[in-house]
Amino acid sequence: MSQTSMAVLTSADTRVARAAAFLDRVFPAPRTFEIRLWNGDLLSAATTPAFTLLLTSPGSLKRMFRPPVELSLGEAYLRGDFEVQGDMSAAFAIAPIARASFQSPGTAAWLAAQWLRLPDGRGDLEYGVHPPARLSGRRGSRSRDQAAIQYHYDVGNDFYQLFLDPRMIYSCAYFPTGTEDLDEAQEAKLEHICRKLRLERGERVLDIGCGWGGMLIYAAERYGIEGVGVTLSRAQLELGRERVREAGLEDRVRLELLDYRDLRGEAFDKILSIGMFEHVGRVGMEEYFSHVFRLLKPGGLFLNHAIADRPKVRRRSPGALVARVLDTALVGNLHFRTRYIFPDGELMPVSEANLEAERAGFEVRDVENLREHYARTIALWLQRLRKHRSEAIEIAGEPMFRLWELYLAGCIYHFDTAQININQSLLASPVGGKVPLPWSRQELYADSYSS
50 MSQTSMAVLT
60 SADTRVARAA
70 AFLDRVFPAP
80 RTFEIRLWNG
90 DLLSAATTPA
100 FTLLLTSPGS
110 LKRMFRPPVE
120 LSLGEAYLRG
130 DFEVQGDMSA
140 AFAIAPIARA
150 SFQSPGTAAW
160 LAAQWLRLPD
170 GRGDLEYGVH
180 PPARLSGRRG
190 SRSRDQAAIQ
200 YHYDVGNDFY
210 QLFLDPRMIY
220 SCAYFPTGTE
230 DLDEAQEAKL
240 EHICRKLRLE
250 RGERVLDIGC
260 GWGGMLIYAA
270 ERYGIEGVGV
280 TLSRAQLELG
290 RERVREAGLE
300 DRVRLELLDY
310 RDLRGEAFDK
320 ILSIGMFEHV
330 GRVGMEEYFS
340 HVFRLLKPGG
350 LFLNHAIADR
360 PKVRRRSPGA
370 LVARVLDTAL
380 VGNLHFRTRY
390 IFPDGELMPV
400 SEANLEAERA
410 GFEVRDVENL
420 REHYARTIAL
430 WLQRLRKHRS
440 EAIEIAGEPM
450 FRLWELYLAG
460 CIYHFDTAQI
470 NINQSLLASP
480 VGGKVPLPWS
490 RQELYADSYS
500 S
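Taken in order, the sequence shown gives residues 50 to 500; the numbers are from this note's numbering.
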């Protein structure tokens, strides 16, 4: 039998009692986790707790649940209003529990009244909040897109080097057996993509959102291609060009600070986009696939590697409508991610993306879901980042470290629970109905491969 929080309170402080009552309503028993209040009192779990949610001050709770709650919880973690002791990715499982509490009119009204009575705790902030992105101009415009990209990627090359592999591949790795370490898995991913594209010596290859150039450097060294990479991040461009020079590939690999839409008068045998499509969103999908189709030579192949959302199914009953209105007003949706992590980012279901690709003229030849691979990749990133906590804080500050810790842990949870996916779609530009692909996928998995 589970204990209620009230049964384990030791303090006579009315602030503690109010906080406990509020938390019991937001996270009703039986709980799979425990909550420790700032004074040490414990709201127990029904079983061995998966983690402990630790409130660090009397004012934490009011700041954590200020509407919209989704945004406030994220900002509260950046400030140090609460800690998660144990599996942080598991802590994201409480989000739908809290969301459901605010979708009930009766419970939402009670919580609102009790929230007003919680202590403000002004002056007990610890870290402050990392500044959010402040974008201006039309969404999808070149200037706004560049500002959004630079907000996320220009945190500093030194910061990314703390947790990425030596090639600095900031995208899902590929674990053929599940036993590979991160460095091996990232090289396996690069090889996997080269094989899917059937790269051949002398081909011109475009990498849209090339990052630090790792993919093109690998393809040029192993397959003899000539590559062009475009990025909107100045920090990535500078280090990427340095790495191209160090590899002795300046005559075959060119990196540019350029919006892919401004590429004109060039044609490519193969095109790839790894982890860039998430920045395009619904507003830019049609232009994206149409422009890539124009850049690709007839008979060419395009690999689009992107995180995908699940299609939303909406119930239309009056009760469901009320729940959605309350959810939007009190909880919000994606405010934290779009302000602090990926400004203007939007995840599209792979079915919608590939339908738009077909409208542009592409033929969908292969779709592979690597969801489990990305959960494992990010778990290894988080492990490395935490190992270098002191260096990360020295480079970017405590709020930035906490932001990335929260972001990576949340991604692990969402991939593990299939709320989001990661898909590689191989798209072709047929010529007379012909596409230069083999009859089977057997060569992708051969021990050796010759281009």
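We put the CB at the ideal spot given by N, CA and C, even for glycine.
query	result
Could you pull the DSSP bridge partners for Ser322 from this structure?	Ile257 and Asn353
Nearest to Ala495 by CA position, among Arg359, Glu240, Asp358 and Tyr202, is which residue?	Glu240
Identify the residues that DSSP records as bridge partners of Lys483: which are they?	Val480
So what's Gly108 in DSSP terms, helix, strand or just coil?	coil
If I'm right that Asp358 touches Leu396 with Cβ under 8 Å, what's the distance once you round it to whole angstroms?	4 Å
Using the beta-carbon count (16 or more within 10 Å), is Thr280 buried or exposed?	buried
What did DSSP end up calling Gly135 once you bin it into helix, strand or coil?	strand
So the beta strand (DSSP E) Leu304 belongs to, where does it begin and stop?	Val302 to Leu306
Is the Cβ-Cβ distance between Glu252 and Lys319 less than 8 Å?	yes
Any Cβ of chain B within less than 8 Å of the Cβ of Tyr456?	In the displayed structure, chain B is absent; only one protein chain is listed.
Could you spell out where the alpha helix (DSSP H) holding Ile84 opens and where it closes?	Looking at the DSSP string, Ile84 is not in any alpha helix (DSSP H); the run it does join, the beta strand (DSSP E), is Glu83 to Arg85.
Using 8 Å as the threshold, is the C-beta distance between Phe131 and Leu434 below it?	no
Considering only residues of the same chain and omitting the five flanking positions on each side of Met55, which have a CB-CB separation below 8 Å?	Confidence at Met55 is low in this model, with a pLDDT of 41, below 50, so the placement of that residue should be treated as unreliable; the coordinate-derived value is given next. Excluding positions up to five away in sequence, the list reads Ala66, Ala69, Ala70 and Asp73.
Across the segment 339-352 and the segment 471-482, are there enough close Cβ pairs to call them in contact, namely three or more that are closer than 8 Å?	yes
Which residue wins for smallest C-alpha separation from Pro392, given the options Ala269, Glu327 and Glu236?	Glu327
With three or more beta-carbon pairs closer than 8 Å as the criterion, would you say the segment 294-314 touches the segment 229-246?	no
What does the alpha-carbon distance come out to for the pair Pro487 and Val75?	56 Å
Whole angstroms are fine: how far does the CA of Asp90 sit from the CA of Thr53?	Note that Thr53 has pLDDT 42, beneath the 50 cutoff, so the model's placement of it is unreliable and the number below is only indicative. When rounded, the distance between both Cα atoms is 12 Å.
Going by DSSP in three states, Leu102 sits in which element: helix, strand or coil?	strand
How is Phe71 classed by DSSP in three states: helix, strand or coil?	helix
Among residues of its own chain, excluding the 5 on either side of Met50, which ones have a beta-carbon nearer than 7 Å to its beta-carbon?	With a pLDDT of 33 at Met50, under the threshold of 50, the modelled position of that residue is not reliable, and the figure given next carries that caveat. Excluding residues within five positions, none has a Cβ falling inside 7 Å.
What first and last residue would you give for the beta strand (DSSP E) that runs through Gly276?	Glu275 to Thr280
Let me check understanding here. Comparing Cα to Cα, which of Leu86, Thr81 and Arg85 lies closest to Ala95?	Thr81
Report, in whole angstroms, the separation of the C-beta atoms of Phe464 and Glu119, which I expect to be a contact under 8 Å.	No, Phe464 and Glu119 are not in contact; Cβ-Cβ is about 19 Å, not under 8 Å.
Could I get the ranges of all uninterrupted alpha helix (DSSP H) runs contained in the segment 134-167, with 4 residues as the minimum, in chain order?	137-140, 144-151 and 154-165
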